[in-house]
Amino acid sequence: LNEPCPDIAFLHLYLKKEDDKYATLEYHIQNQGEGNFIIADETDRLIIRAFISGVPKLTRGALPIGGMTFEKEDGHPRMLRPGEKLIGEIKLDTRKKTRYMKCLILQLDSDQFIHECDRTNNTSAVILR
-16 LNEPCPDIAF
-6 LHLYLKKEDD
4 KYATLEYHIQ
14 NQGEGNFIIA
24 DETDRLIIRA
34 FISGVPKLTR
44 GALPIGGMTF
54 EKEDGHPRML
64 RPGEKLIGEI
74 KLDTRKKTRY
84 MKCLILQLDS
94 DQFIHECDRT
104 NNTSAVILR
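Note that the sequence shown ends on residue 112 in the numbering used here; no numbers are left out.
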């Protein structure tokens, strides 16, 4: 099977708003591969998982704090063609944040990642105040 493979990655991740309980982030996800990436259909859904950690890297010590799943009828594009971007916002409960755990990490997850070219670029982090 020599189909061109998709490769989605966070292009940008910005902390838009933060208070004592929540952080709102704007994400820019781009398909940097040669193949199409399905955001949501009958079987596959793109998921953004969120973690809080002491380091800006996804490690075993990172605490899951939620995330979001793209559903078929959410009004976003159904797929990302090569080079196309998806821009959106995610609001997360950050009450687990401590003085030592200030890194908010987002991870892209999908059932299609068996076909993805590069899985090493599916996380991104911002430092909370």
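Backbone N, C-alpha and C define an ideal beta-carbon position, used for all residues, glycine too.
Query raised in the report: S36 bridges to which residues according to DSSP?
Result: For the purposes of this step, residue 36 is taken as the residue at position 53 of the sequence shown. DSSP lists C86 as partners of S36.
Query raised in the report: Do M62 and N19 have their CB atoms nearer than 7 Å?
Result: Along the sequence shown, one-based indexing puts residue 62 at 79. Along the sequence shown, one-based indexing puts residue 19 at 36. Closer than 7 Å, so yes.
Query raised in the report: With a cut-off of 8 Å, do at least 3 Cβ pairs link the stretch 33 to 51 to the stretch 103 to 110?
Result: yes
Report task. Please report how far the alpha carbon of R78 lies from the alpha carbon of N14, in whole angstroms. Result -> By 1-based counting over the sequence shown, the position of residue 78 is 95. By 1-based counting over the sequence shown, the position of residue 14 is 31. Computed Cα separation, rounded: 32 Å.
Query raised in the report: Where does R32 land, buried or exposed, given buried means 16+ other C-beta within 10 angstroms?
Result: Position 49 of the sequence shown holds residue 32. Flag for R32 reads buried.
Query - The beta strand (DSSP E) enclosing N19, as first and last residue numbers - result: On the sequence shown, position 36 is the one that residue 19 refers to. N19: not part of any beta strand (DSSP E); DSSP gives it neither H nor E.
Query raised in the report: Out of curiosity, what's the CA-to-CA distance linking Q90 and C(-12)?
Result: Stepping through the sequence shown from its first residue, residue 90 is reached at position 107. Stepping through the sequence shown from its first residue, residue -12 is reached at position 5. Going by the C-alpha atoms only, they are around 19 Å apart.
Query raised in the report: Does the beta-carbon distance from I30 to T7 come in below 7 Å?
Result: Counted from its first residue, the sequence shown places residue 30 at position 47. Counted from its first residue, the sequence shown places residue 7 at position 24. Cβ distance not < 7 Å, so I30 and T7 don't count as in contact.
**Report entry** In DSSP terms, what T7 is bridged to
**Finding:** Position 24 of the sequence shown, counting from 1, holds the residue named residue 7. According to DSSP, which records beta bridges pairwise, T7 is partnered with K0, K74.
Query raised in the report: Excluding five sequence neighbours on each side, which residues of the same chain lie with their C-beta closer than 6 Å to the C-beta of D94?
Result: If you number the sequence shown from 1, residue 94 lands on position 111. Hits under 6 Å: D27.
Query raised in the report: If K80 and I22 are in contact, beta carbons under 8 Å, what's the gap, nearest whole angstrom?
Result: Position 97 of the sequence shown, counted from the start, is the residue given in the question as residue 80. Position 39 of the sequence shown, counted from the start, is the residue given in the question as residue 22. Wrong, their Cβ atoms sit about 29 Å apart, outside the cutoff.
Query raised in the report: Is D92 helix, strand or coil when you go by DSSP?
Result: For the purposes of this step, residue 92 is identified with residue 109 of the sequence shown, where counting begins at 1. The answer is strand: DSSP assigns D92 an E or B state.
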